[in-house]
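Asker: Protein chains in written order, with the UniProt record's numbering: chain A, 1 to 192; chain B, 1 to 192.
2 protein chains.
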Amino acid sequence: MATQDRLIESTQELLWERGYVGTSPKAIQQRAGVGQGSMYHHFTGKPDLAATALRRSAEQMRAIAAADLAAPGTAYDRIAAYLLRDRDVLRGCRIGRMAQDPDVIADPQLRAPVEETFDWLRGRIAELIAEGQAAGELTMGVDPADTAAAVVAVVQGGYVLARAAGRAEPFDQAVRGALGLLAAQRTVDRTA
Amino acid sequence: MATQDRLIESTQELLWERGYVGTSPKAIQQRAGVGQGSMYHHFTGKPDLAATALRRSAEQMRAIAAADLAAPGTAYDRIAAYLLRDRDVLRGCRIGRMAQDPDVIADPQLRAPVEETFDWLRGRIAELIAEGQAAGELTMGVDPADTAAAVVAVVQGGYVLARAAGRAEPFDQAVRGALGLLAAQRTVDRTA
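Printed below as a string of structure tokens:
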């Protein structure tokens, strides 16, 4: 792998594990196995490298979520595919965890990929819910944008509950809870 | 205020703002306006002081949530009181944000108050939902424990979405979404 890519990948991993505040330029260089001079040859500094790494993580997360939400079946099935995807729950979300980092939130360059990823995700799920309502698959009883925000929040909050508990179960519970509430919005009972 | 209390309060604030990894003993001493010797007179070190501060934050959060969940009205009303409480959304949750901190999660002493707070909160909301179902106020269509986990996750994930966006609106959307889904579980339409 090229030096530049090794630096970006190492930064992606460290940001996921330790956050921005907890990731030093030295730790990045050590994980990438490159010297200080090489890092500053490719990037102006930690903010520049972190912004590049975050943009790449955001693209990867978006591609995975887009595939889930394009699964076969109804709007409910697609949202279920997103919610039930196999996850390394205790690792948390590589994008969501950035929102806790005060230095990320304070820097427009670093916050942008985090904001854009969630904007896109909420918009895509809202679209699916609106399509399901228009097709008569889902009741008109809920607001698509609000419901989509709740679905995305359940996943992000599920990570928080699981990490707090040191086990994946609370994440799975939250997802089952969201699916139970969403299932009640279906106009036809498909459990039979 | 006594020196010991000043140290605890300053640590509570800094943990909320900067997390555990981002809070240095020096920053705590500066905010509390006490010297290093005084800090180490009262506490063995940062982990000891942080554990005390986190236990106090957990007690405070629990007291506030318990009051919301004892609001007048039905189970739905009480959960709505919890979800709709006026919050400084962009500050995030003082307990939930700790779950992103790898050093908190790795230390049983630091993780315990975080885990216990969410266990209690999920349990209390599950109890309310089960009571609402037993009283015929809510349908039997959802599992109380799973639904409670989803409710708590919506709040924690709502903070993530709001901080990512740099504005409170995505939190409010997620909460409205959860309330819309919960409202559909009521056996009697109270919106009329």
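From the three backbone atoms N, C-alpha and C, an ideal C-beta is built for every residue, glycine too.
1. When you compare the CB of Arg97 of chain A with every CB in chain B, is at least one pair closer than 8 angstroms?
2. Jot down the residue ranges of each uninterrupted alpha helix (DSSP H) in the stretch 58-104 of chain B, minimum 4 residues, whole runs only, in chain order.
3. Spell out whether any CB of chain A is found under 8 angstroms from the CB atom of Leu14 of chain B.
4. Just to confirm, is the Cβ distance from Ala164 of chain B to Ala150 of chain A under 8 angstroms?
5. For Glu137 of chain B, collect the residues of the same chain with a Cβ closer than 8 angstroms to its Cβ; drop the 5 residues on either side in sequence, then sort them by chain order.
6. Evaluate Ile64 of chain A with the Cβ neighbour count: other Cβ atoms within 10 Å of its Cβ, from every protein chain shown; 16 or more gives buried, anything less gives exposed.
7. Among the candidates A:Ile8, A:Asp48, A:Phe43, A:Gly19, whose CA atom is the shortest distance from the CA of Arg31 of chain A?
8. When you compare the CB positions of Tyr20 of chain A and Asp88 of chain A, do they come within less than 8 angstroms of one another, or not?
9. With a 10 Å radius around its C-beta and 16 neighbouring C-beta atoms as the bar for buried, classify Ser10 of chain A as buried or exposed.
10. Near Arg56 of chain A, which residues of its chain fall below 8 angstroms by C-beta distance, leaving aside the five closest residues on each side in sequence?
11. Leaving out the 5 sequence neighbours to the left and right, which residues in its chain are closer than 6 angstroms to Gln4 of chain B when beta-carbon positions are compared?
12. Determine the chain B residues that contact Gly92 of chain A at a beta-carbon separation under 9 angstroms, and present them in chain order.
13. Between Gly45 of chain B and Pro25 of chain B, what straight-line distance do the alpha-carbon atoms span, to the nearest angstrom?
14. Thinking just about the alpha-carbon of each residue, which of A:Ile105, A:Pro170, A:Met39, A:Arg6 is nearest to the one in Glu116 of chain B?
15. Three or more beta-carbon pairs under 8 angstroms between the stretch 108-115 of chain A and the stretch 133-148 of chain B, yes or no?
16. Label Gln173 of chain B either buried or exposed according to how many other C-beta atoms from any shown protein chain fall within 10 Å of its C-beta, with 16 as the threshold for buried.
17. Give a yes or no on whether 8 angstroms exceeds the smallest Cβ distance from Val152 of chain A to chain B.
18. So with Cβ pairs under 8 angstroms, would you call Arg163 of chain B a contact of chain A?
19. Can you list, in chain order, the stretches of the alpha helix (DSSP H) that have 4 or more residues and sit fully within the stretch 104-129 of chain B?
20. Spell out the partners DSSP gives Leu138 of chain A in its beta bridges.
21. What in chain B is Cβ-close to Pro25 of chain A, meaning under 7 angstroms?
22. Quick one: what's got a C-beta closer than 6 angstroms to Gly96 of chain A's C-beta in the same chain, skipping five residues either side?
23. Can you say whether Leu83 of chain A is buried or exposed, counting buried as having 16 or more other CB atoms within 10 angstroms of its CB?
24. List the whole-angstrom C-beta distance separating Val154 of chain B from Val154 of chain A, where the pair is believed to meet the contact cut-off of C-beta under 8 angstroms.
25. Using only alpha-carbon positions, find the residue among B:Val34, B:Gln109, B:Ile28, B:Arg62 that is nearest to residue 193 of chain B.
26. Is Thr52 of chain B close to chain A, meaning its C-beta is less than 8 angstroms from at least one C-beta of that chain?
27. Are any of the Cβ atoms in chain B nearer than 8 angstroms to that of Glu115 of chain A?
28. For Glu17 of chain B, decide whether its Cβ has a neighbour in chain A, counting only Cβ atoms nearer than 8 angstroms.
29. Classify Gly33 of chain A: buried if its beta carbon has 16 or more other beta carbons within 10 angstroms, exposed otherwise.
30. Strictly below 8 angstroms CB to CB, what residues from chain B border Trp111 of chain A?
31. Is it buried or exposed, Asp86 of chain A, if we count other Cβ atoms within 10 angstroms and call 16 or more buried?
32. Of all the CB atoms in chain B, is at least one closer than 8 angstroms to the CB of Leu181 of chain A?
33. Mapping DSSP to helix, strand and coil, what is Tyr40 of chain B?
34. Alpha carbon to alpha carbon, what distance is there between Ala145 of chain A and Asp119 of chain B?
35. Pull up the CB-CB distance for Pro47 of chain A and Asp101 of chain A, whole angstroms please, since I reckon it's below 8 angstroms.
36. Ordered along the chain, which non-local residues of its own chain (more than five positions away) have a Cβ less than 7 angstroms from that of Leu14 of chain A?
Answerer: For this structure:
1. For Arg97 of chain A, the answer is yes, since a Cβ of chain B falls inside 8 angstroms of its Cβ.
2. Listed in chain order, they are 75-84.
3. Residue contact with chain A for Leu14 of chain B: absent (no Cβ-Cβ distance below 8 angstroms to any residue of chain A).
4. By the CB criterion at 8 angstroms, Ala164 of chain B and Ala150 of chain A fall outside the cutoff.
5. Excluding sequence neighbours, Glu137 of chain B sits near Thr74, Ala75, Tyr76, Arg186, Thr187, Val188.
6. Ile64 of chain A should be labelled exposed.
7. From the listed residues A:Ile8, A:Asp48, A:Phe43, A:Gly19, the smallest Cα separation to Arg31 of chain A is found for A:Ile8.
8. In this structure, the beta-carbon distance from Tyr20 of chain A to Asp88 of chain A does not fall below 8 angstroms.
9. A buried status is given to Ser10 of chain A, since no fewer than 16 other beta-carbon atoms sit within 10 Å of its beta-carbon.
10. Cβ neighbours of Arg56 of chain A beyond the five flanking positions: Ile8, Gln12.
11. Leaving aside the five residues that flank Gln4 of chain B on each side, the residues in its chain whose CB is nearer than 6 angstroms to its CB run, in chain order, His42.
12. Within chain B, the residues near Gly92 of chain A are Ala99, Gln100.
13. The alpha-carbon atoms of Gly45 of chain B and Pro25 of chain B are separated by roughly 8 angstroms.
14. Out of A:Ile105, A:Pro170, A:Met39, A:Arg6, A:Pro170 has the C-alpha closest to the C-alpha of Glu116 of chain B.
15. These segments do not touch.
16. Here Gln173 of chain B is buried. Its C-beta has 16 or more other C-beta atoms within 10 Å.
17. Yes, its Cβ sits closer than 8 angstroms to a Cβ of chain B.
18. At a cut-off of 8 angstroms, the C-beta of Arg163 of chain B has a neighbouring C-beta in chain A.
19. Qualifying alpha helix (DSSP H) stretches: none in this window.
20. According to DSSP, Leu138 of chain A bridges with A:Arg186.
21. Neighbours of Pro25 of chain A on chain B: none; closest Cβ ~16 angstroms, over 7 angstroms.
22. Excluding residues within five positions, the ones whose Cβ falls inside 6 angstroms are Gln156.
23. Taking every protein chain shown into account, the CB of Leu83 of chain A has 16 or more other CB atoms within 10 angstroms, so this residue is buried.
24. The beta-carbon separation of Val154 of chain B and Val154 of chain A, rounded to 6 angstroms, stays under the 8 angstroms limit for a contact.
25. The first residue shown for chain B is 1 and the last is 192, placing residue 193 of chain B beyond what the model contains.
26. Among the CB atoms of chain A, none fall inside 8 angstroms of the CB of Thr52 of chain B.
27. For Glu115 of chain A, the answer is yes, since a Cβ of chain B falls inside 8 angstroms of its Cβ.
28. A Cβ of chain A is located within less than 8 angstroms of the beta carbon of Glu17 of chain B.
29. Per the 10 Å Cβ criterion, exposed.
30. Looking at the sequence itself, residue 111 of chain A is Arg, so the reference to Trp does not match. Below the 8 angstroms Cβ cutoff, chain B contributes Ala164, Gly166 as neighbours of Arg111 of chain A, in chain order.
31. With fewer than 16 other Cβ atoms within 10 Å, it is exposed.
32. For Leu181 of chain A, the answer is yes, since a Cβ of chain B falls inside 8 angstroms of its Cβ.
33. Helix.
34. The straight-line gap from Cα to Cα measures roughly 29 angstroms.
35. Contact between Pro47 of chain A and Asp101 of chain A is absent: CB atoms are separated by about 12 angstroms, not below the 8 angstroms threshold.
36. In its chain, beyond the 5 residues on either side, Thr23, Ala27, Ile28, Arg31 have a beta carbon closer than 7 angstroms to the beta carbon of Leu14 of chain A.
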